[in-house]
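Notes for the one structure printed next.
In the working numbering, the protein residues as written are 655 to 741.
Spelled out as structure tokens, the structure:
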């Protein structure tokens with residue numbers, strides 16, 4: 655559980671990087687690819703969803719969608735459901 659929380663914190667920080675540096679013209683594609691690779695490293699196959707941000711060539715729209723944070727929260731919820739219920 656602590657590792658999932660650490661991954662969530664990393665995801666939030668990376669989304670903030672996307673919101674700030676990921677909006678610089680000419681640099682947004684590099685940031686989007688790097689964040690996609692980071693998402694796959696953090697969450698495995700589910701992290702491939704982060705590569706949707708490359709579809710926005712301006713880099714402006716995708717900066718407002720915290721993709722890595724959404725993936726982190728979804729994976730944390732999925733893992734919570736998979737754990738056996740304590741009585």
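Beta carbons: idealized from backbone N, C-alpha and C, even for Gly. Computed from a prediction, not measured in an experiment: that's the story for all the values here.
Item, Value
"Where does residue 705 fall in DSSP's three states?", "helix"
"Taking Cβ positions, are residue 712 and residue 669 nearer each other than 8 Å?", "no"
"From which residue to which residue does the alpha helix (DSSP H) around residue 674 run?", "656-674"
"Per DSSP, what kind of secondary structure is residue 716 in: helix, strand or coil?", "helix"
"Give me the Cα-Cα distance between residue 664 and residue 710, rounded to the nearest whole angstrom.", "23 Å"
"Can you check whether the CB of residue 725 is closer than 8 Å to the CB of residue 688?", "no"
"Taking Cβ positions, are residue 695 and residue 729 nearer each other than 8 Å?", "no"
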